[in-house]
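> If you count the sequence shown from 1, position 247 lands on 247 in UniProt numbering, and the numbers rise without skipping. Quick reminder that beta carbons are idealized off the backbone N, C-alpha and C, glycines included.
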Amino acid sequence: MNRVRCLVLNAALGPLDYKVPDGMAVELGQVVECPLGPRTVIGIVWEAERLPGTDVPAEKLRALRGLYPIPALPAPLRRLIEWTADYYVASLASVARMALSSGGALKGPASITEYRLTGGMPERMTPQRLAAMEALEGEQATIRELAGIAGVSEGVLRGLVNQGVLEPVEVDCDRPYDEARPDYAQVELSEQQREASDIFSTAVRNAKFAPFLLDGVTGSGKTETYFEPVAEALRMGRQVLVLLPEIALTENFLHRFEERFGTKPVLWHSSLKSTERRRAWRAVASGSAQVVVGARSALFLPFAKLGLIVVDEAHETSFKQEDGVRYNARDVAVMRAHFEGFPIILASATPALESLQMAESGIYEKVDLPSRFGGAQLPTIDTIDLTQEKPPHGMWLAQRLVDGIAERLERGEQSLLFLNRRGYAPLTLCRNCGFRYQCPNCSAWLVEHRFTRRLACHHCGHEAPSPAQCKECGEPDCLVACGPGVERIADEVAERLPDARVFVATSDTLNSPGRAAEFIAAVDAGEIDVIVGTQLVTKGFHFPELTLVGVVDADLGLEGGDLRAGERTYQQVAQVAGRAGRGAKPGEVLIQTRHPEASVIAALAAGDRDAFYSAETEMRRDAGAPPFGRWASIIVSSEDEAEAREAARRIGDTRPDVADCMILGPAPAPMAQLRGRYRYRLLMNARRSVQLQDVIRRWLGRIDHPPGVRVAIDVDPYSFV
């Protein structure tokens with residue numbers, strides 16, 4: 001092979017051909033150093049017939065500059081990259097970049113200098129040095145990473161190095177991970193669990209594509225069930241990938257995994273240090289990483305011998321990437337299993353309607369766990385009609401719910417209050433003039449966070465100190481909170497039940513695996529009486545002493561006209577209800593609502609999941625909505641509102657006339673401004689017979705836009721903001 005076609009990791013460039021220098025052996029999938037002008041860029045050697053490009057005369061080809069010392073990307077992974085780019089109408093380079101997600105990993109074997117505390121003290125103590133030393137207890141990382149952990153400048157830490165307070169440690173970047181042992185611990189499974197695990201283990205041994213939907217009620221032991229096929233894959237020398245929807249869930253999972261297999265799995269998520277990402281990536285590519293547990297981005301890691309994927313909490317919307325390449329990790333995981341020929345397990349207590357439909361059509365094999373493990377019973381569920389049982393003035397919890405918490409306090413049991421709204425209140429205004437505090441970058445109100453004394457935007461991250469006086473009228477001490485957030489509910493619990501030890505569990509307080517571990521330990525130790533949390537606490541946690549769950553506002557998720565609003569509400573409430581009564585003690589769930597007659601609420605109260613899904617299925621069928629039809633969203637944005645509006649109008653004016661395809665818009669997006677960009681949206685609804693992606697490519701490929709305009713395509717959208 002003296003000529004190769006390369007996919008370079010630049011979405012603006014097409015494929016480029018290069019000459020292979022004498023003495024250089026290159027194979028398909030090899031990651032190579034490509035000259036581009038005076039620069040060197042990363043490229044991947046690709047099949048020329050699958051990557052159409054411009055044929056350049058051989059004498060004009062530039063020579064490759066080198067090979068990266070890593071294994072070539074295997075053919076099935078290249079097919080997955082092609083499929084993802086095609087299905088989600090993304091550039092091939094953008095998808096391929098996700099497979100090469102650790103730049104340090106491409107450089108070959110290496111060591112790195114990290115630093116840790118010695119226990120010594122500096123000659124002169126300053127507040128910054130003291131804060132850094134307290135924050136870095138037990139930490140070891142590079143100077144840059146330690147500075148981020150401690151919240152100080154690198155100069156402060158280099159001063160501590162010079163003083164002997166921090167010492168250098170030479171670390172082998174590629175040191176091996178401890179080996180997981182498939183027979184380390186034998187777990188007692190119920191008859192239902194054993195039957196299910198045998199089905200999965202047989203599929204692993206068969207080493208063929210086999211998609212399963214593991215549909216088990218909360219507390220049925222789905223994790224222990226799929227640990228058995230994980231063990232079978234390990235015995236066969238195959239790798240395993242387990243996808244989790246939230247980083248906060250990893251610590252709980254790691255503990256259970258270590259109990260079963262004698263060591264922790266390899267982690268992959270956004271909070272890893274660069275050295276940890278490098279080590280994990282190279283171990284995955286070499287095949288030495290046996291089990292990887294990670295967020296959705298782990299799906300594109302270059303596994304050498306993958307033999308099983310498990311998608312836990314497979315219904316979770318956080319598996320959908322909402323920027324960049326807008327892919328759904330659940331669906332792409334199924335395609336990876338298909339291309340590489342091994343089984344995949346989608347596990348959930350509340351499966352997505354699309355997954356249930358795939359099972360009903362026979363494409364997925366459905367495996368049920370209808371009972372809780374160990375004789376534990378599902379909790380009783382009752383509704384509190386807030387139009388009849390009104391909370392006291394200025395309060396948000398009905399008396400019956402407060403009485404239920406008080407009873408648990410007396411018995412030494414724990415309670416959980418669920419409200420999917422971070423901060424103190426969703427809207428803050430001036431009581432004197434009515435001025436509302438709005439984000440300068442988004443069409444959203446700033447949310448008051450009293451714990452940190454700041455106003456924050458939950459869309460772009462903008463923060464500002466809580467003002468001492470109104471910026472509009474100058475009135476001092478005038479902020480009024482409208483509506484409840486979790487912090488306000490926590491304050492109410494503290495006021496009405498002053499002896500209760502309350503913890504607010506959100507992405508603000510559980511923003512790292514370490515903090516999640518501390519929270520779990522505190523609950524297990526009985527140091528917390530009442531948890532007040534967002535959707536973060538609806539899944540994955542097992543607290544035997546938690547016997548009461550209160551849903552503060554079950555109607556919240558039904559607002560806004562989202563296509564999947566009913567399904568999401570059902571899933572969230574059913575999942576959080578499943579936290580109650582998971583041990584020997586019976587559980588109770590109280591759902592506060594103003595619409596107890598709503599189909600979602602009525603189904604939850606009756607415990608009739610089948611009736612809800614049946615009604616939801618017919619509604620989707622009538623609307624031509626997924627899984628019976630296809631949706632795609634086209635979002636046009638610019639920092640200039642007129643430019644965004646004009647670009648959207650031009651796209652709308654050139655819309656194609658396609659049978660069985662309806663195109664709505666353009667119109668201002670529900671979130672008309674986001675992160676400083678004005679946004680317009682078009683929405684496509686088509687029958688499944690329509691080649692939607694081809695329609696989009698032909699349509700948008702004819703239109704040029706000013707440099708400031710971005711056009712984002714979201715196939716199978718989950719967010720409609």
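When the Cα atoms are used, what is the spatial distance from residue 353 to residue 526?
37 Å
> With DSSP collapsed to three states, give me the class of residue 162.
helix
> Can you list, in chain order, the residues of its chain with a C-beta nearer than 8 Å to that of residue 688? Leave out the 5 residues immediately preceding and following it.
Within the same chain, 628, 629 and 630 come within 8 Å of residue 688 by CB-CB distance, once the 5 residues on both sides are set aside.
> Indicate the three-state DSSP secondary structure (helix, strand or coil) for residue 174 in the structure shown.
coil
> Quick check: what's the CA-CA separation for residue 11 versus residue 119?
49 Å
> Can you tell me where the alpha helix (DSSP H) with residue 335 in it begins and where it stops?
329-340 is the span of the alpha helix (DSSP H), which, as asked, contains residue 335.
> Closest to residue 439 by C-alpha separation, out of 465, 415, 414 and 451, would be which residue?
465
> Where do the N-terminal and C-terminal ends of the alpha helix (DSSP H) with residue 685 fall, by residue?
First-last for residue 685: 677-687, but that is the beta strand (DSSP E), not the alpha helix (DSSP H).
> By a C-beta neighbour count over all protein chains shown, 10 Å radius and 16 as the cutoff for buried, is residue 269 buried or exposed?
buried
> Starting from residue 114, trace the beta strand (DSSP E) in both directions and tell me its first and last residue.
111-117
> Could you tell me the boundaries of the beta strand (DSSP E) in which residue 485 lies?
Segment: none, residue 485 is in no beta strand (DSSP E) and carries neither H nor E.
> According to DSSP, residue 449 sits in a beta bridge with which residue or residues?
454
> Going along the chain, which residues of its own chain have a beta-carbon closer than 7 Å to the beta-carbon of residue 658, five neighbours each way excluded?
690 and 695
> To the nearest angstrom, report how far apart residue 414 and residue 533 are at their CA atoms.
13 Å
> Shortest alpha-carbon distance to residue 408 belongs to which of 483, 450, 497 and 343?
497
> Compute the Euclidean distance between the alpha carbons of residue 109 and residue 173, then round it to the nearest angstrom.
Across the structure, residue 109 and residue 173 are spaced so that their CA atoms are roughly 7 Å apart.
> Using only CA atoms, which one of 343, 334, 323 and 241 lies nearest to residue 303?
241
> May I ask you to report which of helix, strand or coil DSSP gives residue 215?
strand
> Below 9 Å between beta carbons: does that hold for residue 128 and residue 68?
no
> Can you confirm whether the segment 196-214 touches the segment 162-177 when touching is taken to mean that 3 or more C-beta pairs between the two stretches lie within less than 8 Å?
no
> Is residue 507 helix, strand or coil by DSSP?
Residue 507: coil per DSSP, three-state reduction.
> Starting from residue 632 and walking both ways along the beta strand (DSSP E), at which residues does that stretch end?
629-638
> DSSP three-state call for residue 715: helix, strand or coil?
strand
> Is DSSP giving residue 225 helix, strand or coil here?
helix
> Beta carbon of residue 487, beta carbon of residue 504: below 9 Å?
Yes, the pair counts as a contact, with Cβ atoms nearer than the cut-off.
> Look at residue 42 and residue 33 and say whether their C-beta atoms are less than 9 Å apart.
yes
> I'd like to know if the segment 573-586 and the segment 328-343 are in contact, where contact means that at least 3 CB-CB pairs between them fall below 8 Å.
Cβ pair count under 8 Å is below three, so no.
> Are the CB atoms of residue 267 and residue 276 within a distance shorter than 9 Å?
yes
> For the alpha helix (DSSP H) that contains residue 516, what are its first and last residues?
513-524
> When you compare each of 431, 477 and 426 to residue 455 by their alpha carbons, which one comes out closest?
Taking the Cα of residue 455 as reference, the smallest distance to any Cα among 431, 477 and 426 is reached at 426.
> I need the straight-line Cα distance from residue 111 to residue 104, nearest angstrom please.
11 Å
> How would you label residue 582, buried or exposed, when you count the other beta carbons within 10 angstroms and need 16 or more for buried?
buried
> In the segment 247-280, which residue ranges form an unbroken alpha helix (DSSP H) of at least 4 residues, counting only runs that do not cross its ends?
250-261
> Alpha carbon to alpha carbon, how far is residue 314 from residue 348?
Whole-angstrom Cα-Cα distance: 6 Å.
> My assumption, with CB atoms under 8 Å, is that residue 724 sits in contact with residue 420. Please give the rounded CB distance.
Outside the displayed range of the chain (1 to 721) lies residue 724, so it cannot be described from this structure.
> Whose C-beta lies closer than 7 Å to the C-beta of residue 406 among residues of the same chain, with five residues either side of it excluded?
497
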